[in-house]
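Participant:
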Amino acid sequence: MLNVGKIEEGFVLDHIEAGKSLTLYYNLGLDKKDCTVAMIMNAKSGKMGKKDILKVECSIEDLNMDILAVVDHNITVNVVKDGEIVEKKELVLPREIKGVFKCKNPRCITSIEQGLPHIFVLADEKKEVYRCKYCEEKYSQRVKTVVQ
Amino acid sequence: MRHLMSPLDFSVEELDRLFNLANDIEKNPEKYAHACNGKKLATCFYEPSTRTRLSFEAAMLNLGGSVLGFSDANSSSAAKGESVSDTIRVISCYADICAMRHPKEGAPMVAASKSRIPVINAGDGGHQHPTQTLTDLLTIRSMKGRLGNFTIGLCGDLKFGRTVHSLINALMRYEGIHFVFISPEELKIPDYITDKLKENGITYEEVISLESVMPKLDLLYMTRVQRERFFNEEDYVRLKDFYILTAEKMEKAKPDMLVLHPLPRVNEISVEVDDDPRAAYFKQAQYGVYVRMALILTLLGINV
């Protein structure tokens, strides 16, 4: 059994679908932040069989909950302060998500207009479908890329 | 300030007022001949479209206004790399209203967000073409006497055809419409549209053969397979003449069925159909001018 120590302040993202934590690491912009991250992949889980866990030591304000909700709203978010879990946050699908995912439609104005943020709007809450605000292209997790 | 990005920007009641105004313009053109004196329309066309541009210009000239603009991206500042946002800020200083066509989807929406004057989407890539839709709705309403309670066949390029997408979105709000989508497998209607139809409990069917559905149609909307929407010339050549509406096929249609087409027509409607009283596509072009006149007046807030 692999042991990863406690964190003092930050968050623990649990129940991430196995293999998705690396994508999430980039989506959350953790590669650009000055914080310690522990990525546990393929951990055994009673509920999921296998799961990933991310432990991030940083200020809790730094976490963009909207991104988490869009990527996978089944993720459990534990907020840690002074080494203890102080809060479990529920993920709610945002109405709009700005500057995180890139529209892949080559005919979309976002492909050429300078300084235009990529915005996706929640088009169907039940099916969790997001569409580009400008061209209405469906956001698909399979082809997602992170805006650099 | 209002813009027109999609046919859904206007409520059904607002559309009724717009169409009543267009019908009044049709009956009393002289009453509106000076309604836009001193007003300027900018036609910003980043891709060529003689028909739509001339229709807008004719509309403004009929109202006594003037027009300025460009008809191709190469002759505009876009060729120098200017963004849509910058262009519209400048155009706002020159004109009172702007009609914009752009090959990139969503470009007029970007323009509207930065504009000080009303912006009309005159077609953005394969996305929306609301004034064509208003033209189609006005033609149906004026010639059929109603919007609703009919079976409409849409034939040809249903994948990239923006006129078709816009028209379906607009017709979804009326009662009792059954859609028949007639297209080759490669040019099928996108799933986001059929999803919307299902959500709204609207009936539709998808077929490949035009002949088999002719007898049940009250309206047939033909479209051209557009070369500029294909990345691959080979696919275009294979699909361009997939459907040709002939006098023989028209024999199977109802005596009062209307044939619509956004024009330009290439081979998809044989010229022999032009003399059939059910061919409504040239009248449709005339209604296009009336509806654009009504739209300019409405967006500029001018009451006659």
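Chains S and Z are the protein sequences, given in the same order.
Here the first sequence stands for residues 1 to 148, numbered as in this note's numbering.
Here the second sequence stands for residues 149 to 452, numbered as in this note's numbering.
Glycine included, each C-beta is placed from N, C-alpha and C at the ideal position.
So which residues of chain S does Ala486/Z contact, with C-beta pairs closer than 7 Å?
Facilitator: This structure leaves residue 486/Z out entirely; chain Z is present only between 149 and 452.
Participant: Excluding the 5 residues flanking Asp93/Z on each side, which residues of the same chain have their C-beta closer than 7 Å to its C-beta?
Facilitator: Missing from the structure shown is residue 93/Z; chain Z here goes from 149 to 452 and no further.
Participant: Quick one: which unbroken alpha helix (DSSP H) runs of 4-plus residues sit fully inside the segment 288–337 of chain Z? Chain order, please.
Facilitator: Qualifying alpha helix (DSSP H) stretches, in chain order: 310–319.
Participant: How about the segment 43–58 of chain S and the segment 15–35 of chain S: do they share at least three Cβ pairs that are nearer than 8 Å?
Facilitator: Yes: the two stretches touch, three or more of their Cβ pairs being nearer than 8 Å.
Participant: Do Asp366/Z and Ile300/Z come within 8 Å of each other at the CB atom, strictly closer than that value?
Facilitator: The residue you call residue 300/Z lines up with position 152 of the second sequence. The residue you call residue 366/Z lines up with position 218 of the second sequence. Contact: yes.
Participant: Which full runs of the beta strand (DSSP E) of 3+ residues lie inside the segment 189–226 of chain Z, going along the chain?
Facilitator: Whole beta strand (DSSP E) segments, 3+ residues: 214–218.
Participant: Please report whether the beta-carbon of Tyr130/S lies at a distance below 8 Å from any beta-carbon of chain Z.
Facilitator: As a first step, residue 130/S must be located in the first sequence, where it is residue number 130. So no, Tyr130/S is outside the interface.
Participant: Excluding the five sequence neighbours on either side, which residues of its own chain have a C-beta within less than 7 Å of the C-beta of Arg321/Z, listed in chain order?
Facilitator: For the purposes of this step, residue 321/Z is identified with residue 173 of the second sequence, where counting begins at 1. Taken in chain order, the residues that qualify are Val160.
Participant: Beta-carbon within less than 8 Å of Arg95/S's beta-carbon, same chain only, minus the 5 sequence neighbours each way: which residues are those?
Facilitator: Working through the first sequence from its first residue, we reach residue 95/S at position 95. Counting only Cβ-Cβ distances below 8 Å, and skipping sequence neighbours, we find Val121 and Leu122.
Participant: Please list the terminal residues of the continuous alpha helix (DSSP H) segment that includes Cys69/S.
Facilitator: Start at 1 with the first residue of the first sequence, and residue 69/S comes out as number 69. Checking the displayed sequence, the identity of residue 69/S turns out to be Ala instead of Cys. Unbroken alpha helix (DSSP H) run through Ala69/S: Met65 to Val71.
Participant: Kindly indicate which residue of Val92/S, Met65/S, Leu93/S and Tyr134/S has the alpha-carbon position closest to the one of Leu24/S.
Facilitator: Sequence index remark: in the first sequence, residue 24/S carries index 24 (1-based). Leu24/S has its Cα closest to that of Met65/S, out of Val92/S, Met65/S, Leu93/S and Tyr134/S.
Participant: Run through DSSP, which three-state label would Asp234/Z get?
Facilitator: Numbered from its first residue, the second sequence carries residue 234/Z at position 86. The answer is helix: DSSP assigns Asp234/Z an H, G or I state.
Participant: Below 8 Å on the Cβ atoms is my guess for Met153/Z versus Pro278/Z; work out the distance and round it to an integer in Å.
Facilitator: What you label residue 153/Z is simply residue 5 of the second sequence in a count that begins at 1. What you label residue 278/Z is simply residue 130 of the second sequence in a count that begins at 1. At roughly 7 Å, the Cβ-Cβ gap stays under 8 Å, so Met153/Z and Pro278/Z are in contact.
Participant: Taking only runs that begin and end inside the segment 5–86 of chain S, name each unbroken alpha helix (DSSP H) of 4 or more residues, in chain order.
Facilitator: Segments of the alpha helix (DSSP H) lying fully in the segment 5–86 of chain S: 21–27 and 65–71.
Participant: Rounded to whole angstroms, how far is the Cβ of Tyr180/Z from the Cβ of Val439/Z, which I believe are closer than 8 Å?
Facilitator: Position 32 of the second sequence, counting from 1, holds the residue named residue 180/Z. Position 291 of the second sequence, counting from 1, holds the residue named residue 439/Z. So it is not a contact: roughly 13 Å between Cβ atoms.
Participant: What residues from chain S crowd round Gly274/Z, counting only those whose CB sits closer than 8 Å?
Facilitator: As a first step, residue 274/Z is located in the second sequence; it is residue number 126 there, counting from the start. Correct list: Arg107.
Participant: Assuming Tyr180/Z is part of the beta strand (DSSP E), what are its boundary residues?
Facilitator: By one-based count along the second sequence, residue 180/Z stands at place 32. Careful: Tyr180/Z lies outside any beta strand (DSSP E) and carries neither H nor E.
Participant: Can you have a look at Met362/Z and say buried or exposed, based on whether 16 or more other CB atoms are within 10 angstroms of its CB?
Facilitator: The sequence position of residue 362/Z within the second sequence is 214, counting from 1. Met362/Z comes out buried.
Participant: Asp172/Z: beta carbon under 7 Å from a heavy atom of the ligand SAM?
Facilitator: In the structure shown, the ligand SAM is absent, as is every other ligand, since no ligand is present at all.
Participant: Let me know the secondary structure DSSP gives Ser154/Z once reduced to three states.
Facilitator: Position 6 of the second sequence, counted from the start, is the residue given in the question as residue 154/Z. Note: Ser154/Z maps to coil in three-state DSSP.
Participant: Using the beta-carbon of each residue, which ones in chain S are nearer than 8 Å to Val258/Z?
Facilitator: Residue mapping note: residue 258/Z aligns to position 110 of the second sequence, counting from 1. Here the neighbours are Ile109, Glu113, Leu116 and Tyr134.
Participant: Could you run through the segment 340–372 of chain Z and flag, in chain order, every residue whose CB is less than 7 Å away from some CB of chain S?
Facilitator: If the cut-off is 7 Å between Cβ atoms, the segment 340–372 of chain Z has Tyr340 near chain S.
Participant: Measuring CB to CB, does Gly296/Z end up less than 8 Å from Ile325/Z?
Facilitator: Here residue 296/Z is taken as the residue at index 148 of the second sequence, counted from 1. Here residue 325/Z is taken as the residue at index 177 of the second sequence, counted from 1. It is a contact, given that the beta carbons lie within the stated cut-off.
Participant: Sorted by chain position, which residues of the same chain lie with C-beta nearer than 6 Å to His250/Z's C-beta, five sequence neighbours on each side aside?
Facilitator: Walking along the second sequence from the start, residue 250/Z turns up at place 102. So the qualifying residues of the chain are Tyr194 and Asp272.
Participant: Once DSSP output is grouped into helix, strand and coil, what is the label at Cys241/Z?
Facilitator: Counted from its first residue, the second sequence places residue 241/Z at position 93. Note: Cys241/Z maps to helix in three-state DSSP.
Participant: Find the nearest neighbour of Ile60/S within the set Glu128/S, Leu22/S and Leu28/S, judged by alpha-carbon distance.
Facilitator: Residue 60/S sits at position 60 when you count from the first residue of the first sequence. For the residues Glu128/S, Leu22/S and Leu28/S, the minimum Cα distance to Ile60/S belongs to Leu28/S.
Participant: Identify which residue in Cys35/S, Val70/S, Leu54/S and Lys32/S has its Cα closest to the Cα of Tyr130/S.
Facilitator: Here residue 130/S corresponds to residue number 130 of the first sequence, with the count starting at 1. The shortest Cα separation from Tyr130/S among Cys35/S, Val70/S, Leu54/S and Lys32/S belongs to Val70/S.
Participant: Please classify Lys138/S: does DSSP put it in a helix, a strand, or coil?
Facilitator: Within the first sequence, residue 138/S is the residue found at index 138, counting from 1. Here Lys138/S sits in strand by DSSP.
Participant: What is the DSSP secondary structure of Ile97/S, counted as helix, strand or coil?
Facilitator: Counted from its first residue, the first sequence places residue 97/S at position 97. Three-state DSSP puts Ile97/S in a strand.
Participant: Does the CB of Val232/Z have a neighbour CB from chain S at under 8 Å?
Facilitator: Here residue 232/Z corresponds to residue number 84 of the second sequence, with the count starting at 1. It does: the Cβ of Val232/Z has a partner Cβ on chain S nearer than 8 Å.
Participant: Check the Cβ of Lys138/S against every Cβ in chain Z and list those closer than 7 Å, keeping chain order.
Facilitator: The residue labelled residue 138/S in the question sits at position 138 within the first sequence. By Cβ distance, chain Z contributes Tyr340.
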